[in-house]
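**Student:**
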Amino acid sequence: MEVSPELRVSPARLLTEPLSRGKIIVLNGFPGTGKFTILKRVKDLLPPDKTRLLDNHLLIDPVHAIYPDRSPQHHALRRLLRAPVFISLKQLATEGYVILMTACLAEHNERDAAFFDEHLATVRGTEIPIFWINAHCELRLLEERLRTPERCGSGKSKLTDLEILRKLLSENSLIQPQEVDRTSVNLVVETLDASGTVEKSVDSLMSMTGLTPVRAH
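Take 1429 as the starting number for the sequence shown in our numbering and just add one per residue.
1) Between the beta-carbon of valine 1513 and the beta-carbon of leucine 1487, is there less than 9 Å?
2) Where do the N-terminal and C-terminal ends of the beta strand (DSSP E) with valine 1551 fall, by residue?
3) Alpha carbon to alpha carbon, what distance is there between proline 1475 and threonine 1554?
4) Would DSSP call phenylalanine 1544 helix, strand or coil?
5) Thinking C-alpha only, which one of His1492, His1503, Ser1598 is nearest arginine 1539?
6) Within the continuous alpha helix (DSSP H) that includes isoleucine 1488, where are the two ends?
7) Quick test of your reading: threonine 1619 and histidine 1564, contact by CB under 8 Å. State the CB separation rounded to the nearest angstrom.
8) If phenylalanine 1458 sits next to cysteine 1532, beta carbons under 8 Å apart, how far is it from one beta carbon to the other, in whole angstroms?
9) Would you check if the distance between the CB atom of leucine 1528 and the CB atom of arginine 1480 is smaller than 9 Å?
10) Give the single residue among Leu1467, Arg1506, Thr1522, Met1634 whose Cα lies nearest to the Cα of proline 1490.
11) To the nearest angstrom, how far is it from the Cα of leucine 1590 to the Cα of glutamate 1566?
12) Please name the residue, chosen from Asp1483, Leu1509, Leu1482, that lies closest to isoleucine 1494 on a Cα-to-Cα basis.
13) At which residues does the beta strand (DSSP E) containing aspartate 1621 begin and terminate?
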């Protein structure tokens, strides 16, 4: 779905926003896109005392240890864990923090749509912008990244099976945010080509979100 113009904010406008204003940046993409690697590098360029990075696996892995089968109990427990975490993230954003988050939400999935709304709830009724950035990457690169020793030995519940990845990509597409009530949510939707170097992806993300590095690459 094509993102409507009113959901976009120009970089020029973003760069004029007060530095004390917090923002939430969600990088959404399929396994192997490099979401955490990109955001970790972004975090390294920002003030450490005003930046937080939450990898979605930090909330998935404890639940996976209890309910590894992605059952209804699994998803219910994940929602319970997210609730207080998202409340805290909203509070930090109101205090001027930059919140960096990873996600893997797909289109035409009721559970993922509800999860997306949980993200919007962190800024609903505030002036805090939330950037939803869908990251895309060539299949060849996704397959290469899934086989790296770092990923296979990470100890996280990350996907490393190529056949599952191919099936996932053939049957799904990334969630496309719909129109929202602009009076209650400041949503900015963007896309990121993550097929290049990490540095290129970082520069693109920093530009589209109006972030200014305080440290060099």
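Each residue gets a CB set at the ideal place from its N, CA and C atoms; glycine is no exception. Since the model is a prediction, treat every value here as computed from it, not as a measurement.
**Tutor:** By the coordinates alone:
1) For the purposes of this step, residue 1513 is taken as residue 85 along the sequence shown, with counting starting at 1. For the purposes of this step, residue 1487 is taken as residue 59 along the sequence shown, with counting starting at 1. It is a contact, given that the beta carbons lie within the stated cut-off.
2) Taking the sequence shown and counting its residues from 1, the one referred to as residue 1551 is at position 123. First-last for valine 1551: undefined, no H or E at that position.
3) Mapped onto the sequence shown, residue 1554 falls at position 126. Mapped onto the sequence shown, residue 1475 falls at position 47. Threonine 1554 and proline 1475: Cα-Cα distance of roughly 23 Å.
4) Here residue 1544 corresponds to residue number 116 of the sequence shown, with the count starting at 1. Phenylalanine 1544 falls in the helix class under three-state DSSP.
5) Within the sequence shown, the letter at position 111 stands for residue 1539. The shortest Cα separation from arginine 1539 among His1492, His1503, Ser1598 belongs to His1503.
6) Here residue 1488 corresponds to residue number 60 of the sequence shown, with the count starting at 1. Per DSSP, isoleucine 1488 belongs to the alpha helix (DSSP H) from 1485-1494.
7) In the sequence shown, counting from the first residue as 1, residue 1619 sits at position 191. In the sequence shown, counting from the first residue as 1, residue 1564 sits at position 136. About 7 Å; that satisfies the 8 Å criterion.
8) Mapped onto the sequence shown, residue 1458 falls at position 30. Mapped onto the sequence shown, residue 1532 falls at position 104. The pair is a contact, with the Cβ atoms about 6 Å apart (cut-off 8 Å).
9) The residue given as residue 1528 occupies position 100 in the sequence shown. The residue given as residue 1480 occupies position 52 in the sequence shown. Against a cut-off of 9 Å, the Cβ pair of arginine 1480 and leucine 1528 comes out as a contact.
10) In the sequence shown, residue 1490 corresponds to position 62, counting from 1. Of the listed residues, the one whose Cα sits closest to proline 1490 is Arg1506.
11) For the purposes of this step, residue 1590 is taken as the residue at position 162 of the sequence shown. For the purposes of this step, residue 1566 is taken as the residue at position 138 of the sequence shown. Distance between the alpha carbons of leucine 1590 and glutamate 1566 is about 14 Å.
12) Sequence index remark: in the sequence shown, residue 1494 carries index 66 (1-based). Taking only the C-alpha atoms, the option nearest isoleucine 1494 is Leu1509.
13) Position 193 of the sequence shown, counted from the start, is the residue given in the question as residue 1621. Taken as a continuous stretch (DSSP letters only), the beta strand (DSSP E) holding aspartate 1621 covers 1614-1621.
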